[in-house]
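Residue numbers for the sequence shown follow this note's numbering, beginning at 88 and rising by one. Beta carbons: idealized from backbone N, C-alpha and C, even for Gly. Note that the structure is predicted; figures quoted are calculated from it, not measured.
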Amino acid sequence: LPLGLAASLAVAPVPLPAQQPALAAMAALPGDSTDSVAVERLLDSLPLTDKVAQLVMPWVAGAYAAFDDSAFAVAQRWVDSLRVGGVIVSVGSPLDVAMKLNRLQRRSPLPLLIASDLEAGAAFRLLGGTPFPTNMGVAATGSEADAYTVGRITALEGRAVGIHLTFAPVADVNSNPDNPIINTRSFGENPYDVARYVAATIRGIQDWGMLATAKHFPGHGDTEVDSHLALPVITAPWRRLDTLEMVPFRSAVNAGVAFVMSGHIALPAVTHDGDHPATLERSVLTGLLRDSLGFQGMVVTDALDMAGVANSYGPGEAAVRAFLAGSDLLLMPSDPGQAISAMRDAVESGRISYERLDRSVRRLLQIKRRLGLFRRRTVPLDSVPEVVGNARFLDQARAIATRAVVLVRDSLGAVDSLRARPQRIALITYGDDNILTVGGTLLKELRQAGHDVTPFRLWPASGPASFDSVRTLTRRNRYTVFAAAVKVNTAKGTIGLPDNIAGFMERLSRYRRLIVVSLGSPYIGLQIPRARSYLIAWANNPVSEWAAARALSGLAPITGHLPVRLPPHYALGFGLTRGVPASP
């Protein structure tokens, strides 16, 4: 860790069980470097069930819970009775997450590896963490340095609360605009550009004390099925896979990524079988990832409770098959106890060799040693507010969000008019799944810039009455801004504006000065092709809405470029640029 962060995280070592001298020896070693003799001694001391349990990582809610809460009691039993090797923490406040993780670390016989999905920043899971544009927005800046900065701040904020491993960055190439689950999670559709940003993000994460994961191997970008719901099949031939999907993963391996996550995706060109996901295929995880790409780190499954795997196999058999295919860590089996029992039985029956099991457990123990977890495994709660969401990080996020804004079209000059002087604006907002926060910062910042703004909210269930209100409002205002947050939603299966909303806005654009602002998917502009002005700000979080308001008000230049094509008119790399208007 960097010295400053190491100092802020340093705490007294957790007392170690006297009956585990090998564990005590690991903690007594000087420094944080891996010691192979100590690792082997600890590995040899572990019973079979404990070795297997080290490779299982269940999911833990991050929200506040009393220590005797029934759900948290289950998590504590996973740790101190099943002796799992780590957990995946979900959404919560930074202090609640840190408190829970400290509790679990103190109860665990071995230090836990803590993972979380921190895509595009810790704010993805930590409420109050620094928010950034989505990965596609970061790519719109054209700056690998910005990708590195996102990785660096993610690592600092995550480690401050006790997270060691992020399941990021997404290395999928979003080559299919109809993909319902990747979209803006990807850095774009050009594999070589994606590769550059993936490598930069990995360096930012791992240079600053956290471990990164490239996902979802061998590539989830060219699918129209969400693997949370069913098994996607990529029918492309090997040559296409080699020159598109594989490119960012090669870059990730060359950048030294510590983990690669498998995807629940079938690839007949590789496996000659379209019925089994890559997660369960040795030809993919061992033959392709380890042998061909030369990956030496840890392979981790995507969640084993997802339909792409769970529909065909129970938690035990799915875990065994994933391990035999080449996985090291088994994420989120629906029943951790059943997964551990099935893995133990497979070893005892000879289906899994002891050597193969030891190889994965050894890798995990070495990583825990590399992270310094045998010397300190908890974090001081009073240091969390000094790191997570601090003003310096927020300023950097705002700068990146500003550079990410893309002006796709402004054929009637509506955006230029707003940038020239304050105007009367009808602000119509829409968010998928009744998102309550859409447009709040945008409204505040537009008003602060001097615009006279009247807001109205549309919902997924909005109909004729709401549309009549919008028509009335737009007649009273010279300009209309339609800000829509359409984004990836797990297990929804689709992405885009509802047909009734898109159709209404398309009709409205025929006789109103309409500016469409996307706070999510860039493809919604294709659903309202008559809108003469289209701006993309990539995310419905405070920094992206702040950047959108400044772009619309002429308080910042517009310099972003598309990381994807928007056919038929807008090519990869397209973007209208605008400088800051001169003061009158």
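Residue ranges of uninterrupted alpha helix (DSSP H) with 4 or more members, entirely inside the region 210 to 240 and ordered along the chain, are 222 to 227.
Under the DSSP assignment, Val139 falls in the alpha helix (DSSP H) whose first and last residues are Leu135 to Gln141.
Under DSSP, Ala301 takes part in a beta bridge, and its partners are Val347. Just measuring C-alpha positions, the residue of Thr300, Ala247, Arg290 and Gly245 sitting nearest Asp259 is Thr300. Taking the Cα positions, Leu601 is about 50 Å away from Glu368.
Counting C-beta atoms within 10 angstroms of its own C-beta, Trp325 has fewer than 16 neighbours from the protein chains shown and is therefore classed as exposed. 8 Å or more divides the Cβ of Ser414 from the Cβ of Thr465. Arg511 is not a Cβ neighbour of Tyr598, given a cutoff of 8 Å.
Within 10 angstroms of the beta-carbon of Pro654 lie fewer than 16 other beta-carbons, which makes it exposed. Only residues of its own chain outside the window of five on either side were considered, and among them Glu593, Ser596 and Arg597 have a CB closer than 7 Å to the CB of Arg617, listed in chain order. Across the structure, Glu206 and Ala234 are spaced so that their CA atoms are roughly 12 Å apart. Sequence-distant Cβ neighbours of Ala536 in its own chain, meaning closer than 7 Å and more than five residues away, are Pro509, Ala636, Ser640 and Leu642. Contact between Ala571 and Ile611 holds: their C-beta atoms lie close to 6 Å from each other, under 8 Å. Taking 4 residues as the shortest admissible run, the region 392 to 461 contains the following complete alpha helix (DSSP H) segments, listed from N- to C-terminal end: 394 to 397, 402 to 412, 423 to 435 and 441 to 457. Within the region 475 to 503, the complete beta strand (DSSP E) segments of 3 residues or longer fall at 493 to 497, listed in chain order. The three-state secondary structure of Ile588, taken from DSSP, is helix.
Counting of Cβ neighbours within 10 angstroms places Ser273 among the buried residues, the total reaching 16 or more. Annotation for Val184: Gly149, Val176 and Val248 place their beta carbon closer than 6 Å to its own, counting only its chain and skipping 5 residues before and after. DSSP places Leu601 in the uninterrupted beta strand (DSSP E) bounded by Leu601 to Ser605. Under a 10 Å Cβ-count criterion, Phe382 is classified as buried, with 16 or more other Cβ atoms of the shown protein chains found around its own Cβ.
Secondary structure remark: continuous beta strand (DSSP E) runs of at least 3 residues inside the region 523 to 552, in chain order: 539 to 545.
When secondary structure is reduced to three states using DSSP, Tyr151 falls in the coil class, being assigned neither helix nor strand. Beyond the five residues adjoining it in sequence on each side, Ile289 comes within less than 8 Å, by CB distance, of Gly238, Pro256, Ala299, Ala301, Ala339, Ala342, Gly343 and Val344 in the same chain, given in chain order. Across the set Ala406, Asn277 and Arg479, the C-alpha of Ala406 shows the shortest separation from the C-alpha of Pro145. Apart from the 5 residues on each side of it in sequence, Thr358 sits with its Cβ closer than 7 Å to the Cβ of Glu368, Ser370 and Val371 in its chain, given in chain order. A straight-line Cα-Cα distance of about 21 Å links Val178 and Trp625.
Between the beta-carbon of Ala226 and that of Tyr284 there is about 5 Å, and that keeps the pair under the 8 Å contact cut. Contact between Arg496 and Arg619 is confirmed by a C-beta separation of about 7 Å, below the 8 Å threshold.
Taking Glu244 as the centre and dropping the five residues before and after it, the same chain places the C-beta of Ala209, Leu213, Gly216, Thr217, Val474 and Val475 closer than 7 Å to its C-beta, in chain order. Of the residues assessed, Pro423 falls on the buried side of the cut-off, its CB having 16 or more other CB atoms within 10 angstroms.
When only Cα atoms are considered, Arg462 and Lys138 end up about 21 Å apart. For Trp295, the three-state secondary structure derived from DSSP is coil. Judged by beta-carbon spacing, Ser608 lies beyond the 8 Å limit of Gly580, meaning their Cβ atoms are not closer than that value. Secondary structure of Gly179 (DSSP, three-state): strand. Secondary structure at Val557: helix, using DSSP grouped into helix, strand and coil. Listed in chain order, the non-local C-beta contacts of Pro264 below 6 Å within the same chain comprise Tyr610, local neighbours out to five positions each way being set aside.
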